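Report on the following structure.
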Amino acid sequence: MRNAGTCQQFVKAGTSVPDAVLKLQAIVKRFGTVTAVDRIDLTIERGEFFALLGPSGSGKTTMLRIIAGLERPDEGGVFIGDRDVTALPPYARHVGMVFQNFLLFPHKTAAENIVFPLRMQRLGRAERDERLAWAMSLMRLGGLEDRYPNELSGGQQQRVALARGLISRPALLLLDEPLANLDRELRSEMEVEIRRYQKELELPFIYVTHNQEEALTMSDRIAVMHNGAFEQIGAKTEIYTNPATAFVAGFVGHSNRFEGKLVEISGGLARMAWQGDAMLVPVPRDPRPGGAILFAIKFEDLEIARAPDGVDRTGRNRLAGTLRDVIFKGQTANYIVALGDGSEITISSAPRGLDLRMSEPVIVHWPVARGATFHV
Ligand SMILES: Nc1ncnc2c1ncn2[C@@H]1O[C@H](COP(=O)(O)OP(=O)(O)OP(=O)(O)O)[C@@H](O)[C@H]1O
Ligand SMILES: [Mg+2]
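Shown next as structure tokens:
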């Protein structure tokens, strides 16, 4: 049996690509009045795990289909390595694709499904068998070659789909929500496995998902897509801690939101007037004193205490509220707090030692530099 080390050489030997594996230049794709992809530029480097994160209808699948050659862009160019492939058919692009619903042929066995992409490449039998053995071994599918898809578990079907995506030695692998149909446990297992294969093969992956946790777990870099365009593109830590727009903030979990007015900027912080209270928050981009702003912060960035707690909280914002509900989630619990204006916020915290009672007055507090602020 081959191991991962030989797999890596096997894939690399078949491809000769410079460091920029893929370049998209000003790609536009329209369907009637809908602009599904709106002037996208993108460079994918060798060995990169790139996640494309966005809500339904934001253009993710259309972008993958353009890269794979299943769709022609109305404008712009697609370059793989240093070749302009914009007008080339899918089989001439060295791109593998794993589809959302696996799309396995039901009347073909696992082995026949996996070798299917090799049909267009006139390979000798010996090489085809060697590649099949490699892909089956990599995906731990030994012994399952003669099974039909309905005789395989969800995870096994997923691995057949991955093996099929890899067998033609692509320069780039595109994955369109490949784990969407799996249950939660199998899904987190596959997340770790897929990332491991990717790193072993040093093969660039473009991984589409609308699940922020999946994107954060697996990728090196993320683009958040909205209405056919990138709202933000960058390292995942940057996207997570420093979202550029309110849309991105909402998408990566800054789910507590306060709308107020920017009063002034001093000491590197913005003073926001909110419901007769004042909060110190990060300064928005292009600050305009007097303007309406939105402050967004994650559940886990807030803390909760029984009121009145009398603790000196210099350097922290504090709001008074009433505990409405506690949702136990195992390691953490979500505390739902009603604020004076009737709105509710959620605090995620370790449940240990916090024996708060329903309807009890509480204080919610957090360091002034946390969260993100945007003009609205
Ligand atoms: N063949 C088509 N004909 C007409 N409109 C299309 C076609 N394919 C996609 N669209 C439209 O283009 C937009 C982007 O669709 P796309 O499938 O790329 O979204 P997506 O981000 O993959 O969404 P999802 O997360 O639901 O899969 C949508 O408004 C969609 O309705
Ligand atoms: Mg899609």
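Converting from the sequence shown to the working numbering requires adding 87 to each position, the first position being numbered 1.
Beta carbons: idealized from backbone N, C-alpha and C, even for Gly.
Owing to the predicted nature of the structure, the values given are computational and were not obtained by experimental measurement.
Buried/exposed call for M445, threshold 16 Cβ in 10 Å: Within the sequence shown, numbered from 1, the residue matching residue 445 stands at position 358. Its Cβ having fewer than 16 others within 10 Å, M445 is exposed.
Would you call the segment 322-336 and the segment 397-408 in contact, with 3 or more CB pairs under 8 Å? no
Beta-carbon proximity list for A198, same chain, < 8 Å, skipping 5 on both sides: The residue given as residue 198 occupies position 111 in the sequence shown. Closer than 8 Å at the Cβ level, and outside the excluded window around A198, lie L219, M223, E232, D233.
From which residue to which residue does the beta strand (DSSP E) around Q112 run? The count along the sequence shown starts at 1 and reaches residue 112 at position 25. Element bounds for Q112: 107-118.
Just the C-alpha distance for D412 and I281, rounded to the nearest angstrom, thanks. Here the question's residue 412 lines up with position 325 in the sequence shown. Here the question's residue 281 lines up with position 194 in the sequence shown. If you take the alpha carbons of D412 and I281, they lie about 38 Å apart.
What would DSSP say about F186, mapped onto helix, strand or coil? Position 99 of the sequence shown holds residue 186. Three-state result, F186: coil.
From the DSSP output, which residues share a beta bridge with K348? Numbered from 1 along the sequence shown, position 261 holds the residue referred to as residue 348. In the DSSP output, where bridge partners are listed per residue, K348 has A360, A379.
Comparing the CB of V121 with every heavy atom of ligand 1, is any distance shorter than 7 Å? Sequence index remark: in the sequence shown, residue 121 carries index 34 (1-based). Yes, ligand 1 has a heavy atom inside 7 Å of this Cβ.
Please return the same chain residues whose Cβ sits closer than 6 Å to the Cβ of V463, not counting the five positions on each side in sequence. By one-based count along the sequence shown, residue 463 stands at place 376. Within the same chain, V463 has close Cβ partners A379, L381.
How close, in whole Å, do the beta carbons of A250 and L228 come, if the pair is a contact with beta carbons under 8 Å? Reading the sequence shown from its first residue, position 163 is the one you call residue 250. Reading the sequence shown from its first residue, position 141 is the one you call residue 228. With 8 Å as the limit, A250 and L228 qualify as a contact, their Cβ atoms being about 6 Å apart.
Heavy atom of ligand 1 less than 7 Å from the Cβ of T419, yes or no? In the sequence shown, residue 419 corresponds to position 332, counting from 1. Checking the Cβ of T419 against ligand 1 gives no.
Let's test the definition: count the other Cβ atoms within 10 Å of the Cβ of H194 and tell me whether it reaches 16, buried, or not, exposed. The residue given as residue 194 occupies position 107 in the sequence shown. That one is exposed.
Identify whether R256 lies in helix, strand or coil by the three-state DSSP scheme. The residue given as residue 256 occupies position 169 in the sequence shown. It is coil, neither helix nor strand.
Quick check on F203: does DSSP put it in helix, strand or coil? Reading the sequence shown from its first residue, position 116 is the one you call residue 203. Helix at F203.
Cβ contact (3+ pairs, closer than 8 Å) linking the segment 443-460 and the segment 310-320: no
Which of helix, strand or coil DSSP assigns to Q96: Taking the first residue of the sequence shown as 1, we reach residue 96 at position 9. Only weak support is given to the placement of Q96: the predicted model assigns it a pLDDT of 39, under 50, and the value that follows is read from those uncertain coordinates. Helix at Q96.
Does DSSP put S436 in a helix, in a strand, or in coil? For the purposes of this step, residue 436 is taken as the residue at position 349 of the sequence shown. DSSP places S436 in strand when its eight states are reduced to three.
Separation of L389 from K416, as counted between CA atoms: If you number the sequence shown from 1, residue 416 lands on position 329. If you number the sequence shown from 1, residue 389 lands on position 302. When rounded, the distance between both Cα atoms is 17 Å.
Taking Cβ positions, are L140 and M312 nearer each other than 8 Å? Translated into the one-based positions of the sequence shown, residue 140 becomes position 53. Translated into the one-based positions of the sequence shown, residue 312 becomes position 225. Contact: yes.
Rounded separation between S240 and G340 - CA only: On the sequence shown, residue 240 is found 153 positions in, with the first residue counted as 1. On the sequence shown, residue 340 is found 253 positions in, with the first residue counted as 1. The alpha-carbon atoms of S240 and G340 are separated by roughly 32 Å.
To the nearest whole angstrom, what separates the beta carbons of W453 and R403, a pair I think is in contact under 8 Å? Along the sequence shown, read from residue 1 onward, the residue named residue 453 stands at position 366. Along the sequence shown, read from residue 1 onward, the residue named residue 403 stands at position 316. With a Cβ gap of about 6 Å, W453 and R403 count as contacting.
Using beta-carbon positions only, say whether G134 and P291 come within less than 8 Å of one another. For this step, residue 134 is matched to residue 47 along the sequence shown. For this step, residue 291 is matched to residue 204 along the sequence shown. Yes.
Could you give the DSSP three-state label for Y327: helix, strand or coil? Position 240 of the sequence shown, counting from 1, holds the residue named residue 327. It is helical.
Are there 16 or more other CB atoms within 10 angstroms of the CB of S353, so buried, or fewer, so exposed? Within the sequence shown, numbered from 1, the residue matching residue 353 stands at position 266. It counts as exposed.
Go to P336, then tell me how far its beta strand (DSSP E) extends in each direction, as first and last residue. Along the sequence shown, read from residue 1 onward, the residue named residue 336 stands at position 249. Per the sequence shown, the amino acid found at residue 336 is Ala instead of Pro. Segment 333-338 is the alpha helix (DSSP H) holding A336; no beta strand (DSSP E) there.
With a floor of 3 residues, list each beta strand (DSSP E) that falls wholly inside the segment 115-191, ordered by position along the chain. 121-132, 136-140, 162-167, 182-185
How should A91 be labelled, buried or exposed, when 16 other C-beta atoms within 10 angstroms of its C-beta is the threshold for buried? What you label residue 91 is simply residue 4 of the sequence shown in a count that begins at 1. Note that A91 scores 40 on pLDDT, short of 50, meaning its location in the model is unreliable and no value can be drawn from it.
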